[in-house]
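Below: the structure, in structure tokens.
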Amino acid sequence: MLDFCNVSFKYKNQSDLIIEDLSFKINRGDFVSIVGASGCGKSTIFRLISKLEKPLKGSVFINGENINTMDGYIGYMPQKDSLLPWRTILENAALPLEINKQDKSMAEEYLTTFGLENYKDKYPRDLSGGMRQRVSFIRTLLTGSEILILDEPFSALDAITKISLQEWLLDQWTTFHKTILFITHDVEEALFLSNKVFVVSEKPISKLKEIEVPLPYPRNRHMLNGPKILAIKEDLINELKQRISL
Numbered sequence: 051m052l053d054f055c056n057v058s059f060k061y062k063n064q065s066d067l068i069i070e071d072l073s074f075k076i077n078r079g080d081f082v083s084i085v086g087a088s089g090c091g092k093s094t095i096f097r098l099i100s101k102l103e104k105p106l107k108g109s110v111f112i113n114g115e116n117i118n119t120m121d122g123y124i125g126y127m128p129q130k131d132s133l134l135p136w137r138t139i140l141e142n143a144a145l146p147l148e149i150n151k152q153d154k155s156m157a158e159e160y161l162t163t164f165g166l167e168n169y170k171d172k173y174p175r176d177l178s179g180g181m182r183q184r185v186s187f188i189r190t191l192l193t194g195s196e197i198l199i200l201d202e203p204f205s206a207l208d209a210i211t212k213i214s215l216q217e218w219l220l221d222q223w224t225t226f227h228k229t230i231l232f233i234t235h236d237v238e239e240a241l242f243l244s245n246k247v248f249v250v251s252e253k254p255i256s257k258l259k260e261i262e263v264p265l266p267y268p269r270n271r272h273m274l275n276g277p278k279i280l281a282i283k284e285d286l287i288n289e290l291k292q293r294i295s296l
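Following the numbering used here, the numbering of the sequence shown begins with 51 at its first residue and continues without gaps.
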């Protein structure tokens with residue numbers, strides 16, 4: 051579904067490449083987490099997929115079509131919810147529909163589906179961090195995009211809220227059948243959510259180590275204690291530690 055083909059990139063104010071001749075593929079319906087040390091270039095990959103940056107070389111394709119000719123092919127959910135404080139929860143959720151001049155009633159339906167109907171007339175300041183992230187996810191879904199890009203969406207939340215939202219996100223993925231790309235620093239989070247984990251272990255990024263997560267869906271947290279998963283987790287942590295020490 052998504053093909054990253056021989057892409058190289060560097061920022062204008064830097065002399066060194068961040069990404070060099072990188073290729074990878076993500077299939078329709080995958081839940082792929084990208085893990086790596088801070089500053090390794092994970093978010094740059096997302097910026098290239100989102101057309102916020104342009105490759106120096108190479109191309110990105112969705113379903114065989116170059117993204118340079120496409121609009122509305124991804125929904126992006128940033129680390130901070132970015133809800134507009136002067137708009138109600140319903141108005142925030144409906145923003146993609148408003149921009150695309152579509153019927154806003156679907157936003158109200160989604161708020162009901164996600165158990166937020168009683169908060170539709172409230173403002174972001176009235177909601178907890180976890181609830182705000184749910185609204186942000188609804189807004190991302192309402193873009194109608196097949197691919198959802200989630201950039202560390204739970205990193206600022208407390209541990210219990212984070213666990214709750216991880217489980218909630220898995221439920222939504224199995225319900226809506228979207229393809230999800232997820233950036234995280236949390237190895238356990240990546241293993242719990244994903245069917246594949248891509249590891250950034252070198253700079254410039256010229257390849258991604260791909261790990262298939264040997265767990266069926268639906269999942270529960272007890273599965274993370276199996277010997278195969280514990281071994282993968284230890285290997286991933288050791289690999290990331292080595293990257294940090296470089």
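Backbone N, C-alpha and C fix where the C-beta goes; we use that ideal spot for every residue, glycine too.
Cβ contact annotation for Ile197 (same chain, cutoff 6 Å, sequence separation greater than five): Ile124, Thr229, in chain order. The segment 218-237 and the segment 140-156 do not touch, with fewer than 3 CB-CB distances between them shorter than 8 Å.
Per the DSSP secondary-structure output, Phe59 pairs in a beta bridge with Ile69.
The three-state reading of DSSP puts Lys75 in strand, counting E and B together. Taking the Cβ atoms as the reference, Leu265 lies roughly 7 Å from Ile279, within the contact range of under 8 Å.
About 12 Å separates the beta carbon of Gly179 from that of Ala209, a gap too long to meet the 8 Å contact definition. Met51 carries a coil assignment under DSSP once its states are collapsed to helix, strand and coil. Three or more beta-carbon pairs drawn from the segment 244-254 and the segment 61-70 are found closer than 8 Å, and the two stretches are therefore classed as touching. Assignment of Val237 by DSSP, reduced to helix, strand and coil, places it in the helix class.
A direct Cα-Cα distance of roughly 12 Å separates Tyr169 from Arg184. With contact defined as three or more Cβ pairs closer than 8 Å, the segment 82-94 and the segment 270-278 are not in contact. Excluding its 5 nearest sequence neighbours in each direction, Pro128 has C-beta neighbours in its own chain below 7 Å: Asp201, listed in chain order.
Collapsing the DSSP output to three states places Asn168 in a helix. Within the same chain, Cys55, Asn116 come within 6 Å of Ser109 by CB-CB distance, once the 5 residues on both sides are set aside. In this chain, the beta strand (DSSP E) harbouring Leu198 covers 197-201. The residue from Asp171, Thr193, Ile287, Glu167 with its alpha-carbon nearest to that of Gln152 is Thr193. It is roughly 27 Å from the alpha-carbon of His235 to the alpha-carbon of Gly122. Residue nearest to Arg269 within the set Phe242, Val57, Phe204 is Phe242 (criterion: CA-CA distance).
In the DSSP assignment, Tyr126 falls within the beta strand (DSSP E) that extends over 124-127. With at least 16 other beta carbons inside 10 angstroms of its own, Ala157 counts as buried. The Cβ neighbour count for Lys212, taken over all protein chains shown within 10 Å, is at least 16; the residue is labelled buried. Annotated three-state conformation of Phe226 is helix, per DSSP.
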